[in-house]
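Asker: So for the sequence shown, my numbering puts the first residue at 60; every next one is plus one. We treat Cβ as the ideally placed atom computed from N, Cα and C, and that holds for glycine.
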Amino acid sequence: MIFTVAIDGPAAAGKGTISRAVAEAFGFAHLDTGALYRAVGAKGGDPVQAAQTLSPEDLARDDLRTLEAGQAASRVAALPDVRAALVDFQRRFARREGGAVLDGRDIGTVICPDAEVKLFVTASAEVRAKRRWAELGGDYDQVLREVIERDMRDAGRASAPMRAADEAVVIDTSDLSIAEAIAAACAEVRRAL
Ligand code: C5P
Numbered sequence: 060m061i062f063t064v065a066i067d068g069p070a071a072a073g074k075g076t077i078s079r080a081v082a083e084a085f086g087f088a089h090l091d092t093g094a095l096y097r098a099v100g101a102k103g104g105d106p107v108q109a110a111q112t113l114s115p116e117d118l119a120r121d122d123l124r125t126l127e128a129g130q131a132a133s134r135v136a137a138l139p140d141v142r143a144a145l146v147d148f149q150r151r152f153a154r155r156e157g158g159a160v161l162d163g164r165d166i167g168t169v170i171c172p173d174a175e176v177k178l179f180v181t182a183s184a185e186v187r188a189k190r191r192w193a194e195l196g197g198d199y200d201q202v203l204r205e206v207i208e209r210d211m212r213d214a215g216r217a218s219a220p221m222r223a224a225d226e227a228v229v230i231d232t233s234d235l236s237i238a239e240a241i242a243a244a245c246a247e248v249r250r251a252l
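(1) Short of 6 Å in beta carbon distance, which residues of its chain neighbour A137, apart from the five on each side in sequence? Order them along the chain.
(2) Which one or two residues does DSSP pair with D67 in a beta bridge?
(3) Between which two residues does the alpha helix (DSSP H) holding L90 run?
(4) Go to I237, then tell me how far its alpha helix (DSSP H) extends in each direction, as first and last residue.
(5) One question on the structure: do S78 and V160 come within less than 8 Å of each other, judged by their Cβ atoms?
(6) Taking the continuous beta strand (DSSP E) assigned at V228, which residues delimit it?
(7) Just tell me which of G104, D173 and D231 has its CA closest to the CA of R187.
(8) With R155 and A84 assumed to form a contact (beta carbons below 8 Å), what rounded beta-carbon distance in angstroms separates them?
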């Protein structure tokens, strides 16, 4: 079976948790596409070359989840040639046999416009900053500033800006428990299967 679930949304809205849970519930493979951009940013040097030569070891680095790696990812992700270098890999993953969940910023709009299910997972900037802060610690006000700055860069860039696909189902997790958010996402998948 070929079946793609595209899950987009801003940082710390719950995309990763929801994507992993949906993949597990339906036995689909999962690709966290943010990790690709994080690995390109963390690799240093020429970002286009880094994207063209990305290896499994680059994706296994243990410093990819930091705030700095997120900011570096968002800067290299604005470069059209970096994005172009990562398209084929993501599309092949999406159409692999057995079903796939991809989470990112442009999955429903650019990478998989024909995805069977498109979700846009969001939450208020304050709720997302609190979650990041609980996870990573540091200064809350700085975490909030970085969340807002990254949203603006991701939504404002010319190349594949973050936005909900027209037909995407929006799930706002601001007032949902993790279990409720996962249930909402699984219900959409079940409807389309
Ligand atoms: O989702 P995550 O926070 O890991 O993504 C890191 C950065 O990578 C995002 O802020 C965004 O700039 C970029 N990204 C993207 N397109 C994707 C996934 C991530 O531009 N599909």
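Answerer: Taking the structure as given:
(1) R216
(2) When DSSP reads this structure, D67 sits in a beta bridge with G163 and F179.
(3) Per DSSP, L90 belongs to no alpha helix (DSSP H); it is in the beta strand (DSSP E), A88 to D91.
(4) I237 to A251
(5) In contact: S78 and V160 (Cβ atoms closer than 8 Å).
(6) V228 to D231
(7) D231
(8) With 8 Å as the limit, R155 and A84 do not qualify as a contact, their Cβ atoms being about 18 Å apart.
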